[in-house]
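Let me begin by presenting the structure, written as structure tokens, before commenting on it.
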């Protein structure tokens with residue numbers, strides 16, 4: 002599977018997870034608030050062949066008044082392997098002013114509880130990876 006399609010799989014899962022968290026279309030319509038992705042890192046771990054059935058597990062790792070930290074694992078259901086991970090930082094925004102804005106207190110409290118419940122099961126492997134070349138080592 003081409004790299005762009007991994008992104009599409011994660012994007013769709015992220016949108017679905019947004020709905021689970023109560024931040025989807027209804028929230029946007031009722032509050033005129035939304036969220037935007039401002040940082041993302043994708044790691045491709047295994048190749049996926051055409052026709053493979055995929056599933057995505059999603060976590061809300063942390064939340065504060067204006068930020069949400071997400072992590073997604075893409076799994077190949079055929080061989081039960083993890084094929085990719087994606088970590089994202091979203092900002093809560095006022096869609097009228099196009100500026101970050103704090104979440105309503107009840108929303109923040111609900112999301113904080115949700116993140117705490119998920120963290121009780123442990124953090125997925127790969128959270129917080131960074132991109133860098135090893136210091137002092139050459140590829141040649």
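Numbering (our numbering), first residue to last: 2 to 141. Here a beta-carbon is modelled for each residue, glycine too, at the ideal position from N, C-alpha and C.
- When Cβ pairs closer than 8 Å are counted between the two stretches, the segment 41-50 is seen to touch the segment 5-17, the count reaching three or more.
- Counting C-beta atoms within 10 angstroms of its own C-beta, residue 91 has 16 or more neighbours from the protein chains shown and is therefore classed as buried.
- Taken through DSSP and simplified to helix, strand or coil, residue 131 comes out as coil.
- Distance from the CA atom of residue 26 to the CA atom of residue 17, rounded to whole angstroms, is 11 Å.
- Per the coordinates, the alpha-carbon of residue 33 lies some 34 Å from the alpha-carbon of residue 123.
- The Cβ-Cβ distance between residue 82 and residue 76 falls below 8 Å.
- Sixteen is the threshold: since fewer than 16 other Cβ atoms of the shown chains lie within 10 Å of the Cβ of residue 6, the residue is exposed.
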